[in-house]
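Below is one structure, written out as structure tokens, with a few remarks after it.
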Amino acid sequence: MKSILMKLPAAFVLCASLFAVGTSAAAPQNIDRREQRQQRRIRQGVRSGELTRREARGLERRETRVNRAEWRARRSGGTLTGRERGRLNRELNRSSRAVYRQKHDRQENERRENRRGRRHDRR
Numbered sequence: 181m182k183s184i185l186m187k188l189p190a191a192f193v194l195c196a197s198l199f200a201v202g203t204s205a206a207a208p209q210n211i212d213r214r215e216q217r218q219q220r221r222i223r224q225g226v227r228s229g230e231l232t233r234r235e236a237r238g239l240e241r242r243e244t245r246v247n248r249a250e251w252r253a254r255r256s257g258g259t260l261t262g263r264e265r266g267r268l269n270r271e272l273n274r275s276s277r278a279v280y281r282q283k284h285d286r287q288e289n290e291r292r293e294n295r296r297g298r299r300h301d302r303r
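First residue of the sequence shown? That's 181 in the working numbering, and the numbers climb one at a time after it.
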């Protein structure tokens, strides 16, 4: 019984360290996956007419800022700290909300107007 109690803390520390290593290694993949998903959402919005070119350009600019911040954070230490990861996630959350708002602001680009037959003759 005594030997089991002695091994229990060591097993706990081992499990905790493996969990910490696994989550820190997976976090950059999650950030990259989110960035890719948002790029897809922007492209889809342009194709469907939910986003104008100007809106898409602004959203792309915002994504570029997030990418640049990630690059700087990785360059400084090779890996992302918890604080850096939190900051990037916050920026990605803001960016995601901006994509949603722009896609649902009821502005229509020319392609969508043509498809619906609403375009009036402009002279």
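Here a beta-carbon is modelled for each residue, glycine too, at the ideal position from N, C-alpha and C.
For residue i, I'd like the list of residues in its chain whose CB is within less than 7 Å of its CB, leaving aside the five on either flank, ordered along the chain.
| i | result |
| --- | --- |
| E235 | Q282 |
| R242 | S275, A278 |
How many Å lie between residue i and residue j at the Cα?
| i | j | result |
| --- | --- | --- |
| E250 | N269 | 10 Å |
| V226 | R267 | 28 Å |
| A253 | L260 | 6 Å |
| R248 | S183 | 52 Å |
| G202 | E240 | Bear in mind that the predicted position of G202 carries a pLDDT of just 48, short of 50, making it too unreliable to give a figure here. |
| Q287 | E230 | 7 Å |
| R255 | G238 | 26 Å |
| I222 | H284 | 12 Å |
For residue i, count neighbouring Cβ atoms within 10 angstroms of its own Cβ and tell me buried if that reaches 16, exposed if not.
| i | result |
| --- | --- |
| R265 | buried |
| G258 | exposed |
| G262 | exposed |
| T244 | exposed |
Starting from residue i, trace the alpha helix (DSSP H) both ways and give me its first and last residue.
| i | result |
| --- | --- |
| Q282 | 262–283 |
| T259 | No alpha helix (DSSP H) holds T259; DSSP gives it neither H nor E. |
Going along the chain, which residues of its own chain have a beta-carbon closer than 8 Å to the beta-carbon of residue i, five neighbours each way excluded?
| i | result |
| --- | --- |
| L272 | I211, R214, E215, Q218, V246 |
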